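One structure is given below, encoded as structure tokens.
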Amino acid sequence: MKRSNIVVVALTVGAMTLNGCSSASPGSPSEGDESGSGGPVSVDTLKGTVEVPANPETVVALNTPSADVSAQLGTTPVAVGTSADELNAWQQGVLDEVADDSLVSDSYDVDVEKVASYEPDVIFAAPWNVTDDAVYDHLSDIAPVVVPKSESTNPDWDVSAQVVGEALGKKDEVEEAIAATKESMKSLGEELEVEGKTYQVISPRSDGIYFGNAAPLELLGLKPGQHQTPEEVNRFTLSAEELNQLDADYLFIWAMDEDAKSMVEDNPSYDSLPAVKNGTAKFVDADFTTAINGASPASLDWLINDSGIEDVLEK
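Its first residue numbered -2, the sequence shown is counted upward by one per residue in the numbering used here.
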């Protein structure tokens, strides 16, 4: 059985699976949704408690992980703050028609008027979307703004998923999806016997080697290697001369261009790195890095089934 089946089973009652969302119209609830009764839902967010109308149908998601969860729970957003060209593998066929990169600029500024044009019932945002209180206040004048409650600008994936489910009146369904995802990850780690082994996830750039957030890999039983701070992004950098400090059992490298790739491969220390010698170093793409850095149940399902990670971990 494909591991994704575990997640699908968890969502069959009162929610639409990710594959089914591709045929749903934006903003439409899933068939058989029984969460429409009752009054507004109180959601505890980064900005305090907000009241979301019961069974919101018109959703705007400023970030893609929120869009992933909303779609998987049966309410495809009417707009998502990204371009169709930048959608990841698990989002293609699901969010193509609602991607709108005018919502959030390359410098992360939110176009409040554009958001308002969609007349949303609820707005999903990441902490980094609303670091400016004025922006948050303007968005709140449009609709309730749901932001994961986290001290980090990059919240834990399960916290982000849970707050979306609560806002949609799908608390039980999202908790089942989170639990199923964790179980799938744990099962793969046990199958491949990786418990206690270390990982590092890096991105080489012209000014150094950056470490990326990869905390979901710990669901497999892996542990962060030297300098790898699980929940932080770009917190620590190495110079090219310090490449030999990449000593983890598994090394995942996101090189954004050929120059970045050469910076690592041509380094005198590269061939002597433990992961390179053992065949457990892997150059990964943007899909892989986003799957763990902007994780959701859908992205982690893709990670363990379609990313090629199993080929690395089984060595």
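Glycine is no exception: its CB is placed at the ideal position from the N, C-alpha and C atoms. Owing to the predicted nature of the structure, the values given are computational and were not obtained by experimental measurement.
- [ ] Please list, in chain order, all residues of the same chain as Asp108 whose beta carbon is under 8 angstroms from its beta carbon, the five residues on each side excluded.
- [x] Here residue 108 is taken as the residue at index 111 of the sequence shown, counted from 1. Result list for Asp108: Ser99, Leu100, Val101 and Ser102, in chain order.
Open item on the list: List, from N- to C-terminal side, the beta strand (DSSP E) runs of 3 residues or more that fit wholly inside the region 256 to 282.
Closed with: 278 to 281
Task: Under 8 angstroms between C-beta atoms of Lys146 and Leu43 - done: Your numbering for residue 146 matches position 149 in the sequence shown. Your numbering for residue 43 matches position 46 in the sequence shown. In contact: Lys146 and Leu43 (Cβ atoms closer than 8 angstroms).
Task: DSSP state of Val163 mapped onto helix, strand, coil - done: As a position in the sequence shown, residue 163 is number 166, starting the count at 1. A small correction: the amino acid at residue 163 is Glu; Val does not occupy that position in the sequence shown. It is helical.
TODO: For Pro53, I'd like the list of residues in its chain whose CB is within less than 6 angstroms of its CB, leaving aside the five on either flank, ordered along the chain.
DONE: The sequence position of residue 53 within the sequence shown is 56, counting from 1. If we look at Pro53 and ignore the five residues flanking it on each side, its Cβ neighbours are Asp118 and Val119.
Task: Residues near Ser20 by beta carbon distance below 8 angstroms, same chain, minus five either side - done: Taking the first residue of the sequence shown as 1, we reach residue 20 at position 23. Only weak support is given to the placement of Ser20: the predicted model assigns it a pLDDT of 36, under 50, and the question is left unresolved by the model.
TODO: Answer yes or no: do Val47 and Pro74 have a C-beta to C-beta separation smaller than 8 angstroms?
DONE: Taking the sequence shown and counting its residues from 1, one reaches residue 47 at position 50. Taking the sequence shown and counting its residues from 1, one reaches residue 74 at position 77. For Val47 and Pro74, no; Cβs fall outside 8 angstroms.
TODO: In angstroms with no decimal places, state the Cα-to-Cα distance between Lys220 and Gly193.
DONE: Taking the first residue of the sequence shown as 1, we reach residue 220 at position 223. Taking the first residue of the sequence shown as 1, we reach residue 193 at position 196. Each residue's alpha carbon lies about 6 angstroms from the other.
Open item on the list: Nearest by alpha-carbon distance to Val143: which of Ser296, Asp256, Glu255 and Ser39 is it?
Closed with: Against the sequence shown, residue 143 aligns to sequence position 146. Minimum Cα distance to Val143 is reached at Ser39.
- [ ] Could you check the C-alpha separation between Leu310 and Ala278 for me, to the nearest Å?
- [x] Looking up residue 310 in the sequence shown gives position 313. Looking up residue 278 in the sequence shown gives position 281. Looking at the two C-alpha atoms, the distance is approximately 10 angstroms.
Open item on the list: On the CB-based measure, 16 or more other CB atoms within 10 Å of its CB, does Met253 come out buried or exposed?
Closed with: In the sequence shown, the residue the question calls residue 253 occupies position 256. Classification of Met253: exposed, given that the 10 Å Cβ count is below 16.
Task: Three CB pairs or more closer than 8 angstroms across the region 249 to 263 and the region 185 to 200 - done: yes
- [ ] With a 10 Å radius around its C-beta and 16 neighbouring C-beta atoms as the bar for buried, classify Thr178 as buried or exposed.
- [x] Taking the sequence shown and counting its residues from 1, the one referred to as residue 178 is at position 181. The residue in question, Thr178, is buried, as its Cβ has 16 or more Cβ neighbours within 10 Å.
TODO: Starting from Leu248, follow the beta strand (DSSP E) in both directions and report where the run begins and ends.
DONE: Indexing the sequence shown from 1 puts residue 248 at position 251. Segment Tyr247 to Trp251, the beta strand (DSSP E) holding Leu248.
- [ ] Over the uninterrupted alpha helix (DSSP H) stretch that includes Thr178, give me the two end residues.
- [x] By 1-based counting over the sequence shown, the position of residue 178 is 181. Per DSSP, Thr178 belongs to the alpha helix (DSSP H) from Lys168 to Leu189.
- [ ] Pair every Cβ in the region 259 to 267 with every Cβ in the region 127 to 135, then say whether three or more of these pairs are closer than 8 angstroms.
- [x] no
Open item on the list: Can you tell me which residues form a DSSP beta bridge with Leu235?
Closed with: Here residue 235 refers to the residue found at position 238 when the sequence shown is read from its first residue. Leu235 pairs with Ile206.
Task: Cutoff 6 angstroms; reference Gly218; Cβ partners in own chain excluding five residues on either side - done: Indexing the sequence shown from 1 puts residue 218 at position 221. Excluding positions up to five away in sequence, the list reads Gly186, Val191 and Glu192.
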